[in-house]
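Numbering (the working numbering), first residue to last: 90 to 432.
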């Protein structure tokens with residue numbers, strides 16, 4: 090690999106992006122507008138739906154009281170097998186009530202008004218039944234919806250920048266015969282793809298860092314984990330999405346086709362990757378489908394670092410999946426890559 094040729098392409102692509110003021114402005118303004126909008130829309134005490142966590146053991150048969158509780162309308166019931174994780178959820182206001190039927194106890198969050206109301210509903214439903222539950226308390230700082238949705242918005246913005254920023258550029262180069270002319274130079278396909286990938290990675294991480302840092306001055310985002318871990322999972326997610334963009338554009342011939350393919354790729358991820366709402370309690374088939382999407386692991390990993398203080402070891406599943414997907418996308422993209430517009 091000739092680093093002089095590689096750096097020349099890397100530098101040229103960065104200059105091309107930063108000179109395009111419309112693209113630069115959109116990448117800066119779009120996520121900020123979303124964050125500002127959601128901070129006003131959801132500036133109250135949280136989302137209206139109540140959530141009750143139920144501690145269950147594998148193979149455990151539900152009691153009649155538990156079945157009756159699940160029949161309550163307008164309440165989401167989420168099963169947990171790990172007590173520590175469930176208690177962390179209620180301490181961060183992600184759950185309104187946590188019930189352990191096997192030990193006849195339940196937890197409330199004294200700082201949450203929703204927890205107070207759900208407790209009254211639960212006690213009313215248990216009225217006259219035996220045995221009596223033991224009341225336990227939990228506390229913790231509330232996570233605003235804008236804090237919870239932050240990883241999703243930044244991840245979504247990174248996804249569009251990675252997919253469309255790479256896909257459209259390569260197709261435009263191919264359509265305008267730029268790739269054909271580059272093929273006549275000593276530049277190899279590996280050097281060109283590597284330069285495009287690293288250039289877009291630098292641009293995406295730079296823009297995301299600027300947006301996060303700037304908005305943090307006004308919103309004072311909730312942060313329990315390490316900023317370094319957050320940067321690493323963000324870079325891995327961006328690398329995976331860029332690799333996917335390279336794969337989609339590897340043989341595309343027209344901007345109309347690449348537009349359709351990129352929309353087909355991005356919209357399911359935006360709707361099913363936990364950007365706007367949690368997938369906890371969703372059907373298993375839907376969660377399985379979401380696990381095949383890179384954005385799911387980027388958002389879930391970043392959200393765990395921010396709201397739960399998770400380390401890279403704690404989110405190793407998401408890290409490993411992103412690395413595996415990146416490898417598959419890069420290998421397929423390099424194998425299918427075409428310089429020319431001719432079929």
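We put the CB at the ideal spot given by N, CA and C, even for glycine.
*Since residue 190 is in the beta strand (DSSP E), which residue starts that stretch and which ends it?*
Taking the first residue of the chain shown as position 1, residue 190 is located at position 101. Careful: residue 190 lies outside any beta strand (DSSP E) and carries neither H nor E.
_Burial state of residue 136, where buried means 16 or more other Cβ atoms lie within 10 Å_ = For this step, residue 136 is matched to residue 47 along the chain shown. Its pLDDT being 48, under 50, residue 136 is placed unreliably in this model, and the coordinates cannot settle the point.
*In its own chain, which residues sit with a C-beta less than 7 Å from the C-beta of residue 94, not counting the 5 before and 5 after it?*
The residue given as residue 94 occupies position 5 in the chain shown. Here the set comprises 275, 276, 280.
*asked:* Which complete alpha helix (DSSP H) runs does the segment 263-290 hold, if anything under 4 residues is left out?
replied: For the segment 263-290, whole alpha helix (DSSP H) runs of length 4 or above, ordered along the chain, are 267-272.
_alpha helix (DSSP H) runs wholly inside the segment 340-426, at least 4 long, in chain order_ = 344-361, 373-379, 383-397, 405-425
_Here's the rule: buried if 16 or more other CB atoms are within 10 angstroms of the residue's CB, otherwise exposed. What is residue 349?_
For the purposes of this step, residue 349 is taken as residue 260 along the chain shown, with counting starting at 1. By the 10 Å Cβ count, residue 349 comes out exposed.
*From residue 326 to residue 157, what does the alpha carbon distance come to, in whole angstroms?*
Looking up residue 326 in the chain shown gives position 237. Looking up residue 157 in the chain shown gives position 68. Computed Cα separation, rounded: 42 Å.
*State the Cα-Cα distance for the pair residue 202 and residue 366, rounded to the nearest angstrom.*
The residue you call residue 202 lines up with position 113 of the chain shown. The residue you call residue 366 lines up with position 277 of the chain shown. Looking at the two C-alpha atoms, the distance is approximately 21 Å.
*In terms of alpha-carbon separation, which member of 330, 345, 139 lies closest to residue 205?*
Against the chain shown, residue 205 aligns to sequence position 116. Of the listed residues, the one whose Cα sits closest to residue 205 is 139.
*beta strand (DSSP E) containing residue 213: first to last residue?*
Mapped onto the chain shown, residue 213 falls at position 124. Per DSSP, residue 213 belongs to no beta strand (DSSP E); it is in the alpha helix (DSSP H), 202-215.
*Top-ranked residue by Cα proximity to residue 314, from 414, 400, 150*: Along the chain shown, one-based indexing puts residue 314 at 225. The shortest Cα separation from residue 314 among 414, 400, 150 belongs to 400.
_Alpha-carbon spacing of residue 395 relative to residue 331, whole angstroms_ = Here residue 395 refers to the residue found at position 306 of the chain shown. Here residue 331 refers to the residue found at position 242 of the chain shown. Distance between the alpha carbons of residue 395 and residue 331 is about 23 Å.
*Can you give me the Cβ contacts of residue 208 inside the same chain, cut-off strictly under 7 Å, excluding the 5 residues immediately before and after it?*
Here residue 208 refers to the residue found at position 119 of the chain shown. Closer than 7 Å at Cβ, skipping near neighbours: 186, 197.
*asked:* Suppose you measure from the CA of residue 134 to the CA of residue 179; what does that come to, to the nearest Å?
replied: Within the chain shown, residue 134 is the residue found at index 45, counting from 1. Within the chain shown, residue 179 is the residue found at index 90, counting from 1. The predicted position of residue 134 is uncertain, since its pLDDT is 47 and thus under 50; a value taken from the coordinates is nonetheless stated next. Between residue 134 and residue 179, the C-alpha separation is close to 15 Å.
_Three-state class that DSSP yields for residue 197 in the structure shown_ = Within the chain shown, the letter at position 108 stands for residue 197. Strand.
*Kindly confirm or deny that the segment 332-343 and the segment 351-361 touch, where touching means at least three C-beta pairs closer than 8 Å.*
In short, these stretches touch, since the Cβ pair count reaches three.
_Proximity of residue 418 and residue 329 at Cβ, strictly below 8 Å_ = The count along the chain shown starts at 1 and reaches residue 418 at position 329. The count along the chain shown starts at 1 and reaches residue 329 at position 240. In this structure, residue 329 lies closer than 8 Å to residue 418 by Cβ.
*Between the Cα of residue 411 and those of 360, 380, 249, spot the shortest distance and give me the residue it belongs to.*
Indexing the chain shown from 1 puts residue 411 at position 322. Out of 360, 380, 249, 380 has the C-alpha closest to the C-alpha of residue 411.
*Go to residue 459, then tell me how far its beta strand (DSSP E) extends in each direction, as first and last residue.*
In the structure as shown, the chain starts at 90 and stops at 432, and residue 459 therefore has no counterpart that could be examined.
*asked:* In whole angstroms, give me the CA-to-CA distance for residue 101 and residue 324.
replied: Taking the chain shown and counting its residues from 1, one reaches residue 101 at position 12. Taking the chain shown and counting its residues from 1, one reaches residue 324 at position 235. Rounded to the nearest angstrom, the two C-alpha atoms are 22 Å apart.
*Could you check which residue in 142, 151, 262 has the C-alpha nearest to that of residue 426?*
As a position in the chain shown, residue 426 is number 337, starting the count at 1. If we check each option's Cα against that of residue 426, 262 comes out closest.
*Just checking my contact of residue 98 with residue 284 at CB under 8 Å: how many whole Å lie between their CB atoms?*
Here the question's residue 98 lines up with position 9 in the chain shown. Here the question's residue 284 lines up with position 195 in the chain shown. Indeed, because the Cβ distance is near 4 Å, the residues count as touching under 8 Å.
*In terms of residues, what are the limits of the beta strand (DSSP E) holding residue 321?*
Taking the chain shown and counting its residues from 1, one reaches residue 321 at position 232. No beta strand (DSSP E) contains residue 321, which is instead part of the alpha helix (DSSP H) from 316-337.
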